[in-house]
Amino acid sequence: MKFKFIDLFAGIGGFHLAMHRLGGQCVFASEIDKEARKTYEYNYKEISPELFSNGLFNDDIRNIMPNDIPDFDVLCAGFPCQPFSQAGYKRGFNDNHHSERGNLFFNIVDIIEAKKPKAFFLENVRGLVSHDSGRTFKIIRDILEHELGYSFYFKIVKASDYGLPQLRPRVFMVGFKDEGIMRSFNFPEHIPLKFTMSDVWSGQCSRDIGFTLRVGGRGSNIDDRRNWDAYLVDNVVRKLSYIEARKMQGFPDDFHFPVANSQAVKQLGNSVAVDAVQAVGRNLISYMNSLDKKDNTMKITHNKGEWSELLLFIKLLAEQKLFLADSDLNPKTDFFNIHRVSTQNLELDFFILDESSIEIINKITGEKRLIVISDIINSTVLKNLVDEIKSKQGTFELASFSVIQDALGFNIVKGGTSSQKADILLDISNQQITKFNEAFGIKSYLGAKPTLLNASGNTNFIFKIEQLSNEKIDEINAIDTATKLRDRIISIENNGGVFKYVGAEKDTMTYNLKMVDSLMPEIIAHVLYAFYKHRISSITKIIDFIHEQGELNQQINYGDKAVLINKVKKLLVDVLLGFFAGSKWDGNYEASGSIVIKNSGDCVAFHLIDLASLKKYLYENIKMDTPSTTRHRHGQLFVEKDGQLYFKLNLQLRF
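Here the sequence shown is numbered in this note's numbering, starting from 196 and rising by one per residue.
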């Protein structure tokens, strides 16, 4: 059962031990607690030496760029449970009093979204299921199922269900990528206890199954209803040590703790029950492998974006021309003749021989086929496809596309990856240029307005809040008006708080912005502040506002507005054709242009040969947008370990 996994919020490695026993190789781990990191490295440096020699044992999950994590099959994570636990304040996603621990689940989401593993395996306290009347759990399930496209299974599991003498009810969540509608994963059947608390104590204990092991701290009297660490053994009251706790959690006797005994008990209380994880993990890996063996039939359901890409592909084959656009998306007289259509991920090349003949060549086998394109695609077919795509929601089938799919032999353009600018490759020519394998991105208006820069944890920007009492955090974060971000900012300032720009949350984003222009991080800070406080969404109006405020004028050529505008225009083009927020950019463009599918279904293009029109179009049509504050972890005050208050704002750009 060979597979690769990552271990997030790793603690002392309960997931690591269980998955390693099943044949897994840990390729990345993350744990912020210094004492737990000592125990983790001590016990796994020989099992997984590459973690520690290659810098793959991360500390703060917020600092990692998901794209920098090695590829893996299964994501394992017991994300912080205190925000959802009965023992705590139950602040949930709003627990920002300890380095944002309440919303670190969304860092898991960012990693799944970027790396698209075959499966995930999550663990938390059972209170997560009922927290906030079930709304928290619904958000988690909806994101994993509907936003990321994974199946979702969950079960309240006790350690005693799988042989360990401890109650410890926890919710286990499991999901698989591209499972389809025939879903049949099952959690394993319960098994008898492998040993009892008498075996743990090596004496006659009054209980066969122990209390749930907690995080250390002060114990309690054996008669106290909150007792967790006192047991009657051979008629004598005995207190748990890490020796007994280790056995209750399923760790072997040779698992060592190079820390104080109190730390060892705390670490075990924070860990997972190894045998329970291993039992569920065995079923997970077996089921994941069975999904791999299924026939890879062509995908017949797509969302609007994917159907738009398919529509454009066949439209170019049928029309064989692509008109350049002015800044208002009107076609110019100039156009490209199209000679070949393909993609980076497609095994087929489509060569246009004449007005009706298309030669399809398999890039791998060299096999050739000749088709008459007018027998498959005409203006009526294209119009009907446009109307169907516009009328649908979510993911859906288009039965009318099946004939085209069968004739052409493919049904996807980009190939499921969101980390490429080149959606389609064309051989083109006009009076000015002849280009082979020219890369274009695709933006479609057939669904929701397309984004230029998608929101994620990579597009968060941090402001330090000075001169504000930490006691105000709950009061201000509780503001939940229709314009809550603006109102929170105003409340911070009305209470004496001062915003001081720190920088992008991720160093990679800062690096990319400075590749555009050395002043771009500071420009973005002013753009965010203008948008969120003053509710100015249009980029053109935001730049007007920033110039009028004058705070950047001395830095930007003493107030030359044209210089500021040109810097912003360059940023928009660089985002469109060059960099992603989540990976370090080398300064080169991945695409040479962008094709826009208008709401009518007509297509026009921008290309670097007419950079002025592209810049003007972007500058006049890009607006700021407000992404979900919960999903993208911004818009709330939070306290860091330095005791200082911080506030994040997220940058999302939409057409």
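Glycine included, every Cβ here is placed at the ideal spot set by N, Cα and C.
In this text the structure is predicted, and so the values were computed from the model without any measurement.
{"Asked": "Whole angstroms are fine: how far does the CA of C271 sit from the CA of V862?", "Found": "The first residue shown for the chain is 196 and the last is 850, placing residue 862 beyond what the model contains."}
{"Asked": "Comparing C-alpha positions only, which one of A602, L427, P447, Q662 sits nearest to I509?", "Found": "A602"}
{"Asked": "Would you call the stretch 673-682 and the stretch 711-718 in contact, with 3 or more CB pairs under 8 Å?", "Found": "no"}
{"Asked": "Could you check the C-alpha separation between K644 and N816 for me, to the nearest Å?", "Found": "11 Å"}
{"Asked": "I need the DSSP call for G464, collapsed to helix, strand or coil.", "Found": "helix"}
{"Asked": "In three-state DSSP terms, what is V395?", "Found": "helix"}
{"Asked": "DSSP three-state call for G691: helix, strand or coil?", "Found": "coil"}
{"Asked": "At which residues does the alpha helix (DSSP H) containing N816 begin and terminate?", "Found": "806-816"}
{"Asked": "Looking at the structure shown, is H851 part of a helix, part of a strand, or coil, going by DSSP?", "Found": "Outside the displayed span of the chain (196 to 850) sits residue 851, for which this structure offers no information."}
{"Asked": "Should the stretch 785-797 be called in touch with the stretch 628-642, which here means at least 3 C-beta pairs below 8 Å?", "Found": "yes"}
{"Asked": "Pick from N532, E592, T590, T538: whose alpha carbon is nearest that of I628?", "Found": "N532"}
{"Asked": "Keeping to the same chain, check which residues put their C-beta closer than 8 Å to that of I623; ignore five residues upstream and five downstream.", "Found": "L517, F531, N532, I533, H534, T629, K630, E633"}
{"Asked": "Answer yes or no: do F223 and I264 have a C-beta to C-beta separation smaller than 8 Å?", "Found": "yes"}
{"Asked": "Could you pull the DSSP bridge partners for N532 from this structure?", "Found": "K516, S624"}
{"Asked": "L809: which of V791, R826, I256, T821 sits nearest, CA to CA?", "Found": "V791"}
{"Asked": "I386 lies in the alpha helix (DSSP H); which residues open and close that run?", "Found": "Where I386 is concerned, there is no enclosing alpha helix (DSSP H), given that its DSSP letter is neither H nor E."}
{"Asked": "Does L759 pass the burial test, meaning 16 or more other C-beta atoms within 10 Å, or should it be called exposed?", "Found": "buried"}
{"Asked": "As a quick exercise: from P360, L813, K793, pick the residue whose alpha carbon is nearest that of M762.", "Found": "The amino acid at residue 762 is misidentified as Met; the sequence shows Lys. Of the listed residues, the one whose Cα sits closest to K762 is L813."}
{"Asked": "Contact check, L647 vs L771 under 8 Å by CB: the rounded distance?", "Found": "6 Å"}
{"Asked": "Under the assumption that T654 contacts N845 (Cβ atoms under 8 Å), give the Cβ distance between them as a whole number of angstroms.", "Found": "6 Å"}
{"Asked": "Find the nearest neighbour of F367 within the set K353, T735, V454, E374, judged by alpha-carbon distance.", "Found": "K353"}
{"Asked": "Between K836, F446, R681, which lies nearest to I438 when the distance is taken from Cα to Cα?", "Found": "F446"}
{"Asked": "Apart from the five residues on each side of it in sequence, which residues of its chain come closer than 7 Å, Cβ to Cβ, to N302?", "Found": "I256, R257, G652"}
{"Asked": "Just how far apart, CA to CA, sit Q515 and F774?", "Found": "30 Å"}
{"Asked": "Determine the contact status of I599 and V536, defining contact as a CB-CB distance below 8 Å.", "Found": "no"}
{"Asked": "Just curious, the alpha helix (DSSP H) that R232 is in, first and last residue?", "Found": "229-239"}
{"Asked": "From what residue to what residue does the beta strand (DSSP E) around R564 run?", "Found": "563-567"}
{"Asked": "For G344 and I259, I'd like the C-alpha separation in whole angstroms.", "Found": "23 Å"}
{"Asked": "For I207, which residues in the same chain have their Cβ closer than 6 Å to its Cβ, ignoring the five residues on either side in sequence?", "Found": "A231, T234, Y235, Q462, S466"}
{"Asked": "Have a look at the DSSP bridge pairing and note the partners of I737.", "Found": "Looking at the DSSP assignment, I737 forms no beta bridge with any residue, so it has no partner."}
{"Asked": "Does chain C have any CB closer than 8 Å to the CB of K638?", "Found": "Among the chains of the structure shown, chain C does not appear; only one protein chain is present."}
{"Asked": "Going by C-alpha to C-alpha distance, which of S522, R564, W502, Q539 sits closest to Q588?", "Found": "W502"}
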